[in-house]
Amino acid sequence: MHDTTALRDHRNTTVWTLGRLLLGAFLGVSTGISSLYFYSLGPLMKPIAATYGWSRGQASLGPLVGILVGGLASPSIGTSPLSYTRVLVEHFDRRRGAALAVAVMGTGVGAILIPYLLVPFVAAHGWRSAYLALAIVVAIAVTPVAVLIRGAAAETDRARLRRAREPVALMSVVRTRVFVLLGTLFFLASLAVFGTTVHFVPMLSDAGLPVAEVGKIGAILGFTILGGRLFTGLLLDRFPAGRVTAALFCLSAAGMLALSVGGVKAALPAAVAIGLGMGAEVDLLAYLIVRHFPPSAFGTAYGGIYGLLNIGAAIGPAAIGLITTAHSDIRCRWSSPPSFSSLRRCLRSRSTGRVWRQGMRPPRRSTPDQGSIVSRISGMIGAVSKGSMRVR
Numbered sequence: 000m001h002d003t004t005a006l007r008d009h010r011n012t013t014v015w016t017l018g019r020l021l022l023g024a025f026l027g028v029s030t031g032i033s034s035l036y037f038y039s040l041g042p043l044m045k046p047i048a049a050t051y052g053w054s055r056g057q058a059s060l061g062p063l064v065g066i067l068v069g070g071l072a073s074p075s076i077g078t079s080p081l082s083y084t085r086v087l088v089e090h091f092d093r094r095r096g097a098a099l100a101v102a103v104m105g106t107g108v109g110a111i112l113i114p115y116l117l118v119p120f121v122a123a124h125g126w127r128s129a130y131l132a133l134a135i136v137v138a139i140a141v142t143p144v145a146v147l148i149r150g151a152a153a154e155t156d157r158a159r160l161r162r163a164r165e166p167v168a169l170m171s172v173v174r175t176r177v178f179v180l181l182g183t184l185f186f187l188a189s190l191a192v193f194g195t196t197v198h199f200v201p202m203l204s205d206a207g208l209p210v211a212e213v214g215k216i217g218a219i220l221g222f223t224i225l226g227g228r229l230f231t232g233l234l235l236d237r238f239p240a241g242r243v244t245a246a247l248f249c250l251s252a253a254g255m256l257a258l259s260v261g262g263v264k265a266a267l268p269a270a271v272a273i274g275l276g277m278g279a280e281v282d283l284l285a286y287l288i289v290r291h292f293p294p295s296a297f298g299t300a301y302g303g304i305y306g307l308l309n310i311g312a313a314i315g316p317a318a319i320g321l322i323t324t325a326h327s328d329i330r331c332r333w334s335s336p337p338s339f340s341s342l343r344r345c346l347r348s349r350s351t352g353r354v355w356r357q358g359m360r361p362p363r364r365s366t367p368d369q370g371s372i373v374s375r376i377s378g379m380i381g382a383v384s385k386g387s388m389r390v391r
């Protein structure tokens, strides 16, 4: 009887500990740089450009500096998803995909609330007051996040964490085929998706839509990002990661092509498609690294690939901004870099699925297979993309 009671108490403590970790990670991600900074760029870009007399391309270069610095420092940034996903990876063995999905849903909450609240707030009080309000949100969130994460981590198995944190040489991780493939894939993914997302709200405003409608469509984009987080986590626990990645990335590519063809009339379905694809990115990154790298290499691998993701997220908005300066038609903005990049990363994710399933071992190829054919098509799409940029 005593043993049964002790076992029940241990299980209750474990559930409470994991729940605190999950809640702390969710709050940390929702109030961190990946949420507040990225999703405030769109609503604030146009008023900042108007204040200083900048073009859209010039205004887009401002975030480029901040995101590049953040990307280079990402292995040591405490407010990035790296810190929180590392904690969850160390504590969740079963349903790891669902746990990661719940945590990174915090960015989806930011994607919903920030456009919906920030657009009318900026119209009433200005963009400087908006940044002050965002700073207050971060300051308020610091204490509860620290208490939840530190308190729960203190109750875990220290020996297991020490084994997971044995040092791994940086080059032994960077030189692996999986690191190169995942880094390339998520660089292209962030280049296309973040470039589109940052300019999505200004694009709707340029098209003459009312402020309220712009905020609503921006919130719909956030809802689909939130749904994409949870949906991806559930899929990853049931289906091969390569197929899930290819399907979701192709969906976001379809949304960008819809913008290219239909312009602002296709904004709503495009927001749904792009949001689902964007909601999958961080979730997929953490899950794939957990599958193919040992726990001791998780921080190194995640930090390196997340840095590449941030570099793509910096170049994408700047590229779209420069194209916006040259072309006023929204269809021209999405007809080359994002759409072609999305198609290319979609094909690359499908062709590298076999590599992911084999972990860190490179696949054997004695004859041309589907992967090599798809890789050639991917290269052709990249060449067409560069050609279209020169023409435009």
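Here numbering that gives the first Met the number 0 is used: the first residue of the sequence shown is 0, the next is one more, and so on.
Beta carbons: idealized from backbone N, C-alpha and C, even for Gly.
Integer Cβ distance of residue i from residue j, believed to fall under 8 Å
i: residue 129; j: residue 120; result: 6 Å
i: residue 199; j: residue 217; result: 7 Å
i: residue 319; j: residue 194; result: 5 Å
i: residue 107; j: residue 221; result: 6 Å
i: residue 250; j: residue 276; result: 5 Å
i: residue 201; j: residue 126; result: About 13 Å; that fails the 8 Å criterion.
i: residue 35; j: residue 169; result: That pair is no contact at about 30 Å.
i: residue 13; j: residue 136; result: About 32 Å; that fails the 8 Å criterion.
i: residue 189; j: residue 312; result: 4 Å
i: residue 323; j: residue 283; result: About 29 Å; that fails the 8 Å criterion.
Residue i (DSSP reduced to helix, strand or coil)
i: residue 209; result: coil
i: residue 94; result: coil
i: residue 291; result: helix
i: residue 126; result: helix
i: residue 194; result: helix
i: residue 183; result: helix
i: residue 55; result: helix
i: residue 174; result: coil
i: residue 31; result: coil
i: residue 100; result: helix
i: residue 168; result: coil
i: residue 16; result: helix
Residue environment, residue i, which counts as buried when at least 16 other CB atoms sit within 10 Å
i: residue 75; result: Bear in mind that the predicted position of residue 75 carries a pLDDT of just 48, short of 50, making it too unreliable to give a figure here.
i: residue 124; result: exposed
i: residue 224; result: buried
i: residue 15; result: exposed
i: residue 58; result: buried
i: residue 131; result: exposed
i: residue 44; result: buried
i: residue 171; result: exposed
i: residue 118; result: buried
i: residue 248; result: buried
i: residue 242; result: exposed
i: residue 41; result: buried
i: residue 314; result: buried
i: residue 285; result: buried
i: residue 398; result: Residue 398 falls outside the range modelled here, since the chain spans only 0 to 391, and no answer is possible.
i: residue 297; result: buried
i: residue 95; result: buried
i: residue 37; result: buried
i: residue 237; result: exposed
i: residue 114; result: buried
i: residue 392; result: Examination of residue 392 is not possible in this model, given that the chain is present from 0 through 391 alone.
i: residue 228; result: buried
i: residue 196; result: buried
i: residue 219; result: buried
i: residue 148; result: buried
i: residue 18; result: exposed
i: residue 207; result: exposed
i: residue 266; result: buried
Cutoff 9 Å: residue i Cβ touching any chain B Cβ
i: residue 135; result: Protein chain content of the structure displayed is limited to a single chain, and chain B is not contained in it.
Using 8 Å as the threshold, is the segment 85-102 in touch with the segment 253-265, meaning 3 or more CB pairs across them?
-> no
Count the C-beta pairs between the segment 99-117 and the segment 298-305 that are closer than 8 Å, then say yes if the count reaches three, no if not.
-> no
Enumerate, from N- to C-terminal direction, the unbroken alpha helix (DSSP H) stretches of 4 or more residues contained entirely within the segment 201-261.
-> 210-235, 240-261
Are the segment 46-55 and the segment 210-227 in contact at 8 Å, needing three or more beta carbon pairs?
-> no
Contact the segment 283-295 vs the segment 261-272: 3+ CB pairs below 8 Å = no
The segment 23-30 contacting the segment 142-150, beta-carbon criterion three pairs below 8 Å = yes
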